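Step one of this worksheet: look at the structure below.
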Amino acid sequence: MPHYVTDDGVSIHYEIDHHRDPWLDDEPETVLLHHGFIRNLTWWEAWVPALSRHYRVLRLDVRGCGASSVPPDDADFSATRLVEDTRGLLDHLEIERVHFIGHLSGAFVGQLLAVIHPERVRSLVLVAGPAVVNRRIRDAYALGESDSLASMRRFGLPEWLERTNQARFDPATDPAVVAWHLREQAKTPFHVAYRLHEAFRSLDLRADLSQIQAPVLMIAPSDAPGISPDELAEMRGRVRRSMLVSVEGRGSDLSLTKASTCVAETLTFLRGLTDVATEKETDSWSS
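Under the working numbering, the letters of the sequence shown match residues 1 to 287, in that order.
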């Protein structure tokens, strides 16, 4: 399995897929898929076939997740560290810039990457990705404890995940999907889950959104506690060039449960991008 080693010694697993027609000899653009909280690159399996027909598709496992190595508890698990892991991977592969697609906390990483290293981001797709973890989610994840970190310590990771699943899935979701999701997430070492949750639960990027220069597509569930219509409207008002697509359903795990819809919307967005260099706008972009 391909890996690269970060500057602080963590081995990051990644996969590359491209299945374009063999007679095309131009250099394909790269789409980078960044998964959410204690998931791994297998969450994107349904995205790869359609995207890889047109783009080089790069997926990675966040440090401590999937087939990446597990750093010790005192290692850096901050959001900016995950940004540098991503930038380092692009440097390792000699990829100048990407279309970044991030799900949930992966969307946080994409927003930060677009702010800190704007030259590396051609466009940004935020799948159920807020700019801040709102009070409703923080309270739901606390499960009656003082905060969500206390509830993780009390219940342990598998039970905490099961008790908080109502925020992740529409009630109509296939139980087999929910069971697989829980089983795979629960494989994550507790300290990795704890430290990653600690890093993202209080992150607030709203003030940074105006610095994002890349075109942004927001794909959001029509009804989910993690991001409300008012919060989406606020995000759109802060991002210079953005589009919003609402996907019917309650759960936030759209990259898994609504993959075909999300992929179709993403391809439409990517194909419709205007030339950033000319600053040409279309009626679809917010002002």
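Note that beta-carbon positions come from the ideal geometry of N, C-alpha and C, so glycine has one too. Just so you know, these numbers come straight off a predicted model, no measurement behind them.
Spatial neighbours of residue i in its chain, beta-carbon cut-off 6 Å, leaving aside the 5 residues before and after
i, result
"Arg87", "His117"
"Ser210", "Arg238"
"Asp223", "Arg250"
"Val125", "Ile101, Leu217 and Thr266"
"Thr30", "Arg56, Leu58, Ile95 and Val98"
"Asp283", "Below a pLDDT of 50, predicted positions are generally treated as unreliable, and Asp283, at 44, falls in that range; no measurement from the model is reported."
"Asp73", "His191"
Expected contact under 8 Å - CB spacing of residue i and residue j to nearest Å
i, j, result
"Leu32", "Val98", "4 Å"
"Leu35", "Gly106", "One detail in the question is off: residue 35 reads as His in this sequence, not Leu. That pair is a contact at about 5 Å."
"Ile12", "Gln185", "Contact flag wrong, Cβ pair sits at about 19 Å."
"Val178", "Phe169", "6 Å"
"Leu157", "Ala199", "Actually they are not in contact, since the Cβ atoms of Leu157 and Ala199 sit about 16 Å apart, beyond 8 Å."
Length of the line joining the Cα atoms of residue i and residue j
i, j, result
"Met152", "Trp160", "6 Å"
"Phe108", "Asp26", "31 Å"
"Val142", "Arg154", "It is worth fixing the name first, because residue 142 is Ala in this sequence and not Val. Looking at the two C-alpha atoms, the distance is approximately 10 Å."
"Asp275", "His197", "Summary for Asp275: the model assigns pLDDT 45, below 50, so the residue's position carries little reliability; its value from the coordinates is reported in the next sentence. Using only the alpha carbons, I get a separation of about 37 Å."
"Asp230", "Gln213", "22 Å"
Residues of its chain near residue i, where Cβ-Cβ distance is below 7 Å and the 5 sequence neighbours each way are ignored
i, result
"Pro221", "Ala128, Val247, Gly249, Arg250, Gly251, Ser252 and Leu254"
"Ser52", "Asp17, His18 and His19"
"Ala259", "Ala46 and Trp47"
"Ile227", "Ala128, Pro130 and Ala220"
"His92", "Tyr4"
Nonlocal neighbours in the same chain, by C-beta distance under 8 Å from residue i, ignoring five residues either side
i, result
"Thr6", "Ile12, Arg63, Glu84, Asp85 and Gly88"
"Arg206", "Ala131, Val132, Glu234, Met235 and Arg238"
"Pro2", "His13, Tyr14, Glu15 and Ile16"
Paired residues, beta bridge with residue i - DSSP
i, result
"Ile12", "Tyr4"
"Leu292", "The displayed coordinates of the chain run from 1 to 287. Any statement about residue 292 would go beyond what the structure contains."
"Ser260", "Bridge partners of Ser260: none, in fact."
"Asp17", "Val57"
"Ser246", "Ala220"
"Val125", "Ile101 and Leu217"
Min CB distance residue i to chain D below 7 Å
i, result
"Ala140", "In the displayed structure, chain D is absent; only one protein chain is listed."
Open item on the list: Extract the residue ranges of the beta strand (DSSP E) inside the stretch 51 to 82, only unbroken runs of 3 or more that lie entirely within it.
Closed with: Entirely contained in the stretch 51 to 82, the beta strand (DSSP E) runs reaching 3 residues are, in chain order, 56 to 60.
Task: Segments assigned alpha helix (DSSP H), at least 4 residues, entirely inside the stretch 184 to 228 - done: The stretch 184 to 228 is shown to contain whole alpha helix (DSSP H) runs of 4 or more residues at 190 to 201, in chain order.
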